[in-house]
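Below is the structure:
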């Protein structure tokens with residue numbers, strides 16, 4: 001009975017509808033898309049990436065999970081960071097993560113950054129972070145809200 005009653009409400013009855021499809025670049029160089037949950041950001045995302053990268057991927061590697069209770073031995077962590085750094089430095093490979101600075105995504109970021117500093121590779125790694133608004137750090141949310 002309660003489920004039927006709640007499903008009868010429209011989104012407009014429960015929330016203020018505000019257009020929030022915005023995209024741009026943060027001060028750290030990261031590009032972003034902030035969009036409505038009902039919108040399909042794929043076309044905008046694809047256009048942003050293709051404008052920046054200039055070609056389509058040969059391989060997409062998706063690394064999600066492990067934000068909480070994430071532990072690795074030091075040797076395994078070092079090997080993972082070296083491997084993902086080399087992988088992302090390969091032309092035509094795109095890496096998808098949560099984009100958060102925790103768990104496996106943090107290791108991916110550190111590995112790619114380390115590889116970029118230590119190699120002479122001219123290929124700019126394509127790393128795409130995708131997550132929901134509620135998981136983004138509050139300071140980043142306030143920065144994006146002002147855009």
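In UniProt numbering, the protein residues as written are 1 to 147. Even glycine gets a Cβ: it sits at the ideal position worked out from N, Cα and C.
Which residues mark the beginning and the end of the beta strand (DSSP E) in which residue 117 is found? First-last for residue 117: 103-118, but that is the alpha helix (DSSP H), not the beta strand (DSSP E).
Does the stretch 76-90 come into contact with the stretch 47-56, if we say contact requires no fewer than three beta-carbon pairs (one atom in each stretch) closer than 8 Å? No, the stretch 76-90 is not in contact with the stretch 47-56.
What are the boundary residues of the beta strand (DSSP E) that residue 129 is part of? 126-129 is the span of the beta strand (DSSP E), which, as asked, contains residue 129.
Bridge partners of residue 23, per DSSP? Looking at the DSSP assignment, residue 23 forms a beta bridge with 33.
Nearest-angstrom Cα separation, counted from residue 104 out to residue 34: Straight-line Cα distance between these residues: approximately 23 Å.
In whole angstroms, what separates the C-alpha of residue 23 from that of residue 97? Whole-angstrom Cα-Cα distance: 19 Å.
With burial defined as no fewer than 16 other Cβ atoms inside 10 Å of the residue's Cβ, what is the status of residue 32: buried or exposed? Buried: at least 16 other Cβ atoms inside 10 Å.
Does the Cβ-Cβ distance between residue 84 and residue 108 come in under 7 Å? Result yes, Cβ atoms of residue 84 and residue 108 sit closer than 7 Å.
In angstroms with no decimal places, state the Cα-to-Cα distance between residue 141 and residue 101. Answer to the nearest angstrom: the Cα atoms are 14 Å apart.
Should residue 75 be labelled buried (16 or more other beta-carbon atoms within 10 Å of its own) or exposed? Residue burial annotation: residue 75 is exposed, with fewer than 16 other C-beta atoms found within 10 angstroms of its C-beta.
Nonlocal neighbours in the same chain, by C-beta distance under 7 Å from residue 93, ignoring five residues either side: Excluding positions up to five away in sequence, the list reads 57, 58, 59, 61 and 87.
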